[in-house]
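S.K.: Please find one structure pasted underneath; my questions will follow.
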Amino acid sequence: MAGTIATRYTADRLWTPQGWTSDALLEVDDGGMLAGVGAGEGERLGRWVLPGMPNLHSHAFQRAMAGLAERKGKSDDSFWTWRETMYAFAATIGPDELQAIAAQLYVEMLKAGYTQVCEFHYLHHQPDGTPYAQPEAMSLALIEAAREAGIALTLLPVLYMSGGFDGRPLAPRQRRFGHDVPSYLRLLESLRAHESDKLRVGIALHSLRAVPEDALRQILANDASKDCPIHIHIAEQIGEVQDCLATRGARPVEWLFDHAPVDARWTLVHATHLSDAETAQIARSGAVAGLCPTTEANLGDGLFPLADYIDAKGTLGVGSDSHISVSPVEELRWLEYGQRLSTRHRNIAACHQGDSVGETLWRAALHGGATASGLPIGELRANARADLLVLDDRAPLLAARDERSVIDSFLFAGNASLVRDVMVGGEWVVRGFVHRDEERIAARYRSVMERLAQH
Ligand SMILES: [Zn+2]
435 MAGTIATRYT
445 ADRLWTPQGW
455 TSDALLEVDD
465 GGMLAGVGAG
475 EGERLGRWVL
485 PGMPNLHSHA
495 FQRAMAGLAE
505 RKGKSDDSFW
515 TWRETMYAFA
525 ATIGPDELQA
535 IAAQLYVEML
545 KAGYTQVCEF
555 HYLHHQPDGT
565 PYAQPEAMSL
575 ALIEAAREAG
585 IALTLLPVLY
595 MSGGFDGRPL
605 APRQRRFGHD
615 VPSYLRLLES
625 LRAHESDKLR
635 VGIALHSLRA
645 VPEDALRQIL
655 ANDASKDCPI
665 HIHIAEQIGE
675 VQDCLATRGA
685 RPVEWLFDHA
695 PVDARWTLVH
705 ATHLSDAETA
715 QIARSGAVAG
725 LCPTTEANLG
735 DGLFPLADYI
745 DAKGTLGVGS
755 DSHISVSPVE
765 ELRWLEYGQR
775 LSTRHRNIAA
785 CHQGDSVGET
795 LWRAALHGGA
805 TASGLPIGEL
815 RANARADLLV
825 LDDRAPLLAA
835 RDERSVIDSF
845 LFAGNASLVR
855 DVMVGGEWVV
865 RGFVHRDEER
875 IAARYRSVME
885 RLAQH
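My numbering puts the last residue of the sequence shown at 889; the count rises by one with no breaks.
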């Protein structure tokens, strides 16, 4: 139900799925939703106004270890050696630390242009695996961090049950991630009580190696999984594809489609190593390919088959995942650059002559990110949440840019962020490049990091 109109804004240029419109009036109601978009006069926002970008994949705690795994080890460094560093770091973090780290990360996300984050959250219990007195304490720390920062959250508590495709139990350092199906469903139910316009609760299955077939079936049969986003890590690593073939006789994406009704509720995170048939199958299903190019580059995962997937009209979005970088601009730029480097061609994401690569990618990631978030976002239209970015029209880089070139300049040419103001659900959280509570949140983050460094 639409609320009362609280504020009217006018955008000199407003970015819509069809392209730029001039002098667009945005009517925001007192619930933070857009009541209407049309013509008329309101408070002037600035020259270039875009929808905020959803970040479809985040492990917030990993922001605090970004840069700590870039020194050559004894053996051949890979995703699996990085994971050891990550496990050791994860063991030092409790609810207070998680809230401090996540709030700082979310401030950085907002300033970079993300207005929604899907938090793929598996750090559930105490480091030895014992549940906290309040079993959902770590999830509540994330909810509180998002509230403090003013970012909207799709919280995806993760079901993590086994340490490999063979169903082996969790290793000691994985125990704090673990649930059985009944305790997982209880967690889900208790978190759903907190849902609001800015908080959606969905389901995450860590990966096929961490969720046995029987558990997958139980989750999908349960009413709790109906009509909510379902995210899963899949086919990120060649080793994972080989293990799946050896134990289950099929490639991961192939196996998932044979055992689950994969559709637009699903986000397949990474989906890096795909056969042609799997690429076409994901595209046809309406599921979102959750791409995290800067993390995938940092971990040496490989390249997603972008051109084939876009040709097949697949849905995609981006996430900052391990937070080695926190910027939708950088994710989309590297999504395109990876393809250019491997194919030795330019302008890969655009399909037709004259299409803009930047607009194609920004539009695709808004749509896929919104689908993955399970909320009415990603477009500035009536009945969508009022999440918007105002670019810095005084930036020299944008001087003399017009409707045809501004998004490409924003995505490909910027180094400093061009995002000047950010609104989430009708509330200004960043104005003039400054977040409303950034000093306090950064000071708390620094003191938590200094304490953790003494461990
Ligand atoms: Zn991940």
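For every residue, glycine included, the Cβ atom is placed at its ideal position computed from N, Cα and C.
So, are the CB atoms of Gly724 and Ala698 less than 8 Å apart?
M.R.: The count along the sequence shown starts at 1 and reaches residue 724 at position 290. The count along the sequence shown starts at 1 and reaches residue 698 at position 264. In this structure, Ala698 does not lie closer than 8 Å to Gly724 by Cβ.
S.K.: Report yes if the C-beta of Val703 is less than 7 Å from at least one heavy atom of ligand 1; otherwise report no.
M.R.: Position 269 of the sequence shown holds residue 703. Val703: yes, Cβ under 7 Å from ligand 1.
S.K.: Throw me the rounded Cβ distance for the Trp449 and Asp827 pair, which I believe falls under 8 Å.
M.R.: For this step, residue 449 is matched to residue 15 along the sequence shown. For this step, residue 827 is matched to residue 393 along the sequence shown. Wrong, their Cβ atoms sit about 14 Å apart, outside the cutoff.
S.K.: Measure the C-alpha to C-alpha separation of Gly636 and Ser839 and round it to an integer number of angstroms.
M.R.: Taking the sequence shown and counting its residues from 1, the one referred to as residue 636 is at position 202. Taking the sequence shown and counting its residues from 1, the one referred to as residue 839 is at position 405. Taking the straight line joining both Cα atoms gives about 37 Å.
S.K.: Starting from Met487, follow the beta strand (DSSP E) in both directions and report where the run begins and ends.
M.R.: As a working mapping, residue 487 is identified with position 53 in the sequence shown. Start and end: Met487 to Ser492.
S.K.: With a 10 Å radius around its C-beta and 16 neighbouring C-beta atoms as the bar for buried, classify His869 as buried or exposed.
M.R.: For this step, residue 869 is matched to residue 435 along the sequence shown. By the 10 Å Cβ count, His869 comes out buried.
S.K.: Cβ of Phe738 versus every heavy atom of ligand 1: is any distance shorter than 7 Å?
M.R.: As a first step, residue 738 must be located in the sequence shown, where it is residue number 304. Flag unset: Cβ of Phe738 not near ligand 1.
S.K.: Quick one: using the 10 Å Cβ neighbour count with 16 as the cut-off for buried, is Leu502 buried or exposed?
M.R.: Translated into the one-based positions of the sequence shown, residue 502 becomes position 68. By the 16-neighbour rule on beta-carbons within 10 angstroms, Leu502 is exposed.
S.K.: Would you say the segment 845-860 touches the segment 503-521, given that touching needs at least three Cβ pairs under 8 Å?
M.R.: no
S.K.: Cβ atoms of Gly792 and Pro488: under 8 Å apart, would you say?
M.R.: Numbered from 1 along the sequence shown, position 54 holds the residue referred to as residue 488. Numbered from 1 along the sequence shown, position 358 holds the residue referred to as residue 792. The answer is no: Cβ separation not under 8 Å.
S.K.: Can you tell me whether Tyr594 is helix, strand or coil according to DSSP?
M.R.: Position 160 of the sequence shown holds residue 594. The answer is coil: DSSP assigns Tyr594 none of H, G, I, E or B.
S.K.: Thinking just about the alpha-carbon of each residue, which of Thr794, Phe599, Ala458 and Glu518 is nearest to the one in Trp689?
M.R.: For this step, residue 689 is matched to residue 255 along the sequence shown. Ranking the options by Cα distance to Trp689, first place goes to Phe599.
S.K.: Return the Cβ separation of Trp516 and Leu733 in integer angstroms, given the expectation that the two are a contact with Cβ distance under 8 Å.
M.R.: For the purposes of this step, residue 516 is taken as the residue at position 82 of the sequence shown. For the purposes of this step, residue 733 is taken as the residue at position 299 of the sequence shown. With a Cβ gap of about 6 Å, Trp516 and Leu733 count as contacting.
S.K.: Excluding sequence positions up to five away, which residues of its chain have a Cβ less than 6 Å from the Cβ of Asn781?
M.R.: The residue you call residue 781 lines up with position 347 of the sequence shown. Val791.
S.K.: Return the chain-ordered list of same chain residues with a C-beta closer than 8 Å to the C-beta of Tyr566, the five sequence neighbours on each side being excluded.
M.R.: To locate residue 566, count along the sequence shown from 1; it is residue 132. Excluding positions up to five away in sequence, the list reads Pro529, His559, Gln560 and Met572.
S.K.: Write down the C-beta distance between Ile672 and Leu639 rounded to the nearest angstrom, noting that I regard them as a contact closer than 8 Å.
M.R.: Here the question's residue 672 lines up with position 238 in the sequence shown. Here the question's residue 639 lines up with position 205 in the sequence shown. That pair is no contact at about 21 Å.
S.K.: Within 7 Å: the Cβ of Asp735 and any heavy atom of ligand 1?
M.R.: The residue given as residue 735 occupies position 301 in the sequence shown. Asp735: no, Cβ never under 7 Å from ligand 1.
S.K.: Nearer than 7 Å: is that true of the beta carbon of Phe554 relative to any heavy atom of ligand 1?
M.R.: Taking the first residue of the sequence shown as 1, we reach residue 554 at position 120. Yes; taking the cut-off as 7 Å, the Cβ of Phe554 has a heavy atom of ligand 1 nearer than that.
S.K.: Give the straight-line distance between the Cα atoms of Tyr771 and Gly597, rounded to the nearest whole angstrom.
M.R.: Against the sequence shown, residue 771 aligns to sequence position 337. Against the sequence shown, residue 597 aligns to sequence position 163. The alpha-carbon atoms of Tyr771 and Gly597 are separated by roughly 34 Å.
S.K.: Ala741: which of His786, Val760 and Met499 sits nearest, CA to CA?
M.R.: In the sequence shown, the residue the question calls residue 741 occupies position 307. Nearest option by C-alpha distance: His786.
S.K.: Could you round the C-beta distance between Ala820 and Gly860 to whole angstroms and report it? I think they count as a contact, below 8 Å.
M.R.: Position 386 of the sequence shown, counted from the first residue, corresponds to residue 820. Position 426 of the sequence shown, counted from the first residue, corresponds to residue 860. With a Cβ gap of about 4 Å, Ala820 and Gly860 count as contacting.
S.K.: Using DSSP with H/G/I as helix, E/B as strand and the rest coil, what is Ile782?
M.R.: Residue 782 sits at position 348 when you count from the first residue of the sequence shown. If DSSP states are grouped into helix, strand and coil, Ile782 belongs with coil.
S.K.: For Asp661, which residues of its own chain have a beta-carbon under 8 Å away from its beta-carbon, when the five flanking residues on both sides are left out?
M.R.: On the sequence shown, position 227 is the one that residue 661 refers to. Correct list, in chain order: Arg699.
S.K.: With a threshold of 16 other CB atoms inside 10 Å of the CB of Pro727, please say whether the residue is buried or exposed.
M.R.: By 1-based counting over the sequence shown, the position of residue 727 is 293. It is buried - the Cβ of Pro727 has at least 16 other Cβ atoms within 10 Å.
S.K.: Can you tell me whether DSSP reads Thr728 as helix, strand or coil?
M.R.: Counting from 1 along the sequence shown, the entry for residue 728 is found at position 294. Here Thr728 sits in helix by DSSP.
S.K.: DSSP three-state label for Cys678, please.
M.R.: Within the sequence shown, residue 678 is the residue found at index 244, counting from 1. Three-state result, Cys678: helix.
S.K.: Pick out whichever of Val462, Glu582 and Val551 has its Cα sitting closest to the Cα of Ser761.
M.R.: Within the sequence shown, the letter at position 327 stands for residue 761. The residue with the shortest Cα to Cα distance from Ser761 is Val551.
S.K.: List the DSSP bridge partners of Glu461.
M.R.: As a position in the sequence shown, residue 461 is number 27, starting the count at 1. Arg442 and Gly470, per the DSSP bridge assignment.
S.K.: Please give me, in chain order, every unbroken run of the alpha helix (DSSP H) with length at least 4 that falls completely inside the segment 646-697.
M.R.: 647-655, 672-682 and 686-693
S.K.: I want to know whether the segment 604-617 touches the segment 794-813 - three or more CB-CB distances under 8 Å.
M.R.: no
S.K.: Report the CB separation of Ala731 from Ile716 in whole angstroms; it is logged as a contact under 8 Å.
M.R.: By one-based count along the sequence shown, residue 731 stands at place 297. By one-based count along the sequence shown, residue 716 stands at place 282. The Cβ separation is near 21 Å, so there is no contact.
S.K.: Go to Ile527, then tell me how far its beta strand (DSSP E) extends in each direction, as first and last residue.
M.R.: For the purposes of this step, residue 527 is taken as residue 93 along the sequence shown, with counting starting at 1. The continuous stretches of beta strand (DSSP E) do not include Ile527, and DSSP gives it neither H nor E.
S.K.: Of all the alpha helix (DSSP H) runs that stay within the bounds of the segment 778-864, which reach a length of 4 or more residues?
M.R.: With a minimum length of 4 residues, the continuous alpha helix (DSSP H) runs that stay inside the segment 778-864 are 791-807 and 840-846.
S.K.: Would you check if the distance between the CB atom of Ile577 and the CB atom of Tyr540 is smaller than 8 Å?
M.R.: Here residue 577 corresponds to residue number 143 of the sequence shown, with the count starting at 1. Here residue 540 corresponds to residue number 106 of the sequence shown, with the count starting at 1. No; because the gap between Cβ atoms is not below 8 Å, this pair is not in contact.
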